[in-house]
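Below: the structure, in structure tokens.
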Amino acid sequence: EEFVKDETADQIIKALKEIEAVIPKPEPAVMITGYTGNSITLAVRYWVANRQQAAISEVIYSLRKVLPNADLAILEPAGNI
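Per this note's numbering, residue 2 is the first one in the sequence shown, and the count goes up by one each step.
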């Protein structure tokens, strides 16, 4: 996949906003956190209500549809709101 900064971030945020379990405020965010060679690392931040762990699976599934060739990983658990 070709990475286009604003377009890729917009696609990710749009996908997150379509997931009912993702809380709208604070808004989801996408940041570039690193790059090496042909690889770009993005951090995607979003919030879900407590005890909504199934939402994480739904987010990964949605991101897989938006970025089918990306290596997706959960690096840290979300905090509580």
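Where is the CB? At the ideal position from N, CA and C, for every residue including glycine.
Asked, Found
"Measure the beta-carbon distance from I20 to A56 and round it to whole angstroms, keeping in mind my assumption that it falls under 8 Å.", "7 Å"
"Does A56 come out as helix, strand or coil in the three-state DSSP assignment?", "helix"
"So, helix, strand or coil for I61, using DSSP?", "helix"
"Going by the CB atoms, is the gap between A16 and V58 shorter than 7 Å?", "Position check: residue 58 holds Ser in this sequence, whereas Val was assumed. No, these two residues do not count as a Cβ contact at 7 Å."
"Using alpha carbons as the reference points, say which of I61, Y47 and P69 lies closest to V23.", "Y47"
"I need the boundaries of the beta strand (DSSP E) containing A30, first residue and last residue.", "A30 to T37"
"Return the residue from the list T37, T42, P25 and G38 that minimises the CA-CA distance to V31.", "T42"
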